[in-house]
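Counting from 91, one number per residue, gives the positions in the sequence shown under the working numbering.
Note that CB positions come from ideal geometry on N, CA and C, so glycine has one too.
Each remark here refers to the structure printed beneath this line.
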Amino acid sequence: MGLTLPCLCLVTDRSIGEPDSLVDRIAQAVDGGVDMVQIREKDLPGGELLKLVNHIQKVLAGKAILIVNERVDVAVAAGADGVQLGEDALPIAATRKMVGPQSLIGRSVHSISGAEDAVIQGADFLLAGTMYATRSHAGVNPAGPRLIESIVRQQTRDSKLLPVIGIGGITAANLGDVIQAGASGVAVITSILASADPRVDASKLKNAMLDAWRDRLSAVTREAGGGSDRN
Numbered sequence: 091m092g093l094t095l096p097c098l099c100l101v102t103d104r105s106i107g108e109p110d111s112l113v114d115r116i117a118q119a120v121d122g123g124v125d126m127v128q129i130r131e132k133d134l135p136g137g138e139l140l141k142l143v144n145h146i147q148k149v150l151a152g153k154a155i156l157i158v159n160e161r162v163d164v165a166v167a168a169g170a171d172g173v174q175l176g177e178d179a180l181p182i183a184a185t186r187k188m189v190g191p192q193s194l195i196g197r198s199v200h201s202i203s204g205a206e207d208a209v210i211q212g213a214d215f216l217l218a219g220t221m222y223a224t225r226s227h228a229g230v231n232p233a234g235p236r237l238i239e240s241i242v243r244q245q246t247r248d249s250k251l252l253p254v255i256g257i258g259g260i261t262a263a264n265l266g267d268v269i270q271a272g273a274s275g276v277a278v279i280t281s282i283l284a285s286a287d288p289r290v291d292a293s294k295l296k297n298a299m300l301d302a303w304r305d306r307l308s309a310v311t312r313e314a315g316g317g318s319d320r321n
């Protein structure tokens with residue numbers, strides 16, 4: 091399954107809410123418009139993580155991309171759509187040998203140099219952060235949408251454009267700035283998993299993202315046409 095752009099990604103954290111309700115909340119979020127689900131449960135042993143991934147895979151039934159964070163072995167065993175790697179994880183070339191040519195490989199980046207390295211290594215998409223202050227990275231100073239803007243500008247210069255997805259403290263109220271900075275999507279955790287109605291809030295996020303995406307494309311079209319509409 092290929093990456094849909096713009097992409098609304100849900101990153102899991104079963105410590106938010108009742109752990110037993112995680113799969114149900116994911117299903118609701120996908121019904122609301124989530125395009126990608128990234129399973130990030132770093133404390134789970136391999137066997138338990140594989141069971142969780144298999145369960146979520148059945149629930150998704152191909153309606154969203156399924157990505158496993160870091161655990162390449164679990165991603166391969168489950169037949170997931172891809173894997174998300176940290177900056178200090180296995181080299182992408184080595185990972186590619188394990189997951190195969192059809193799997194998506196995402197790379198988490200926090201700087202322009204990290205993004206450049208990921209592009210050179212052959213990543214399929216980038217997860218860039220942190221955009222805004224967030225509970226999951228309480229001690230990290232947010233880089234803000236400027237990081238996205240800088241990464242995209244550098245990629246344009248190098249003629250090596252990869253989708254860049256912003257992550258960190260993103261809500262329906264602030265995601266427009268992330269998309270306008272050049273992001274190809276956003277990733278959220280709390281905005282959906284802590285919601286009383288994951289389907290409704292996922293839908294709000296998706297609609298806000300699509301509106302910002304259309305606005306950005308319209309601005310690009312106007313600039314290409316000379317900056318104004320002419321009769």
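field: Residue burial classification, residue 294 (beta-carbon count within 10 angstroms, cutoff 16)
entry: buried
field: Of the listed residues 257, 211, 108, 99, nearest to residue 284 (C-alpha basis)
entry: Minimum Cα distance to residue 284 is reached at 108.
- prompt: Of the choices 93, 136, 218, whose alpha-carbon is the least far from that of residue 242?
  reply: 218
- request: Please determine if the segment 129-136 and the segment 99-113 are in contact, where contact requires at least 3 C-beta pairs separated by less than 8 Å.
  value: The answer is yes - the segment 99-113 touches the segment 129-136, with three or more Cβ pairs under 8 Å.
field: Selected residue, minimal CA-CA separation from residue 275, among 261, 286, 288
entry: 261
- request: Going by CA-CA distance only, name the one from 252, 229, 238, 233 that's closest to residue 211.
  value: 252
- request: Name the one or two DSSP bridge partners that residue 197 has.
  value: Residue 197 is bridged to 175, 216.
- request: For residue 156, count neighbouring C-beta atoms within 10 Å of its own C-beta (all shown protein chains included) and say buried if the count is 16 or more, exposed if not.
  value: buried
field: Limits of the beta strand (DSSP E) - the one that residue 277 falls within
entry: Unbroken beta strand (DSSP E) run through residue 277: 275-278.
query: Rounded to a whole number of angstroms, what is the C-alpha to C-alpha distance between residue 130 and residue 255?
result: 16 Å
- request: Return the first residue and the last residue of the beta strand (DSSP E) that residue 31 is part of.
  value: Because the chain spans 91 through 321 in this model, residue 31 falls outside it and cannot be assessed.
query: Measuring CA to CA, which of 214, 213, 204, 263 is closest to residue 237?
result: Of the candidates 214, 213, 204, 263, the one whose C-alpha sits nearest the C-alpha of residue 237 is 204.
- prompt: For the 8 Å Cβ check, are there 3 or more pairs between the segment 298-306 and the segment 261-273?
  reply: yes
message: Helix, strand or coil for residue 316? Go by DSSP, reduced to three states.
response: Residue state, collapsed to three classes: coil.
query: From the DSSP output, which residues share a beta bridge with residue 128?
result: 101, 157
query: What's the gap between the Cα of residue 175 and the Cα of residue 182?
result: 8 Å
- prompt: Hey, would you say residue 240 sits closer than 7 Å to residue 202, going by beta carbons?
  reply: yes
- prompt: Leaving out the 5 sequence neighbours to the left and right, which residues in its chain are closer than 7 Å to residue 117 when beta-carbon positions are compared?
  reply: 149
- request: Might you give, ordered along the chain, the residues of its own chain that have their beta carbon closer than 7 Å to the beta carbon of residue 266, omitting 5 neighbours on each side?
  value: 298, 302
- request: Please confirm whether any heavy atom of the ligand GDP lies closer than 6 Å to the CB of residue 282.
  value: The ligand GDP is absent from the structure shown, which contains no ligands of any kind.
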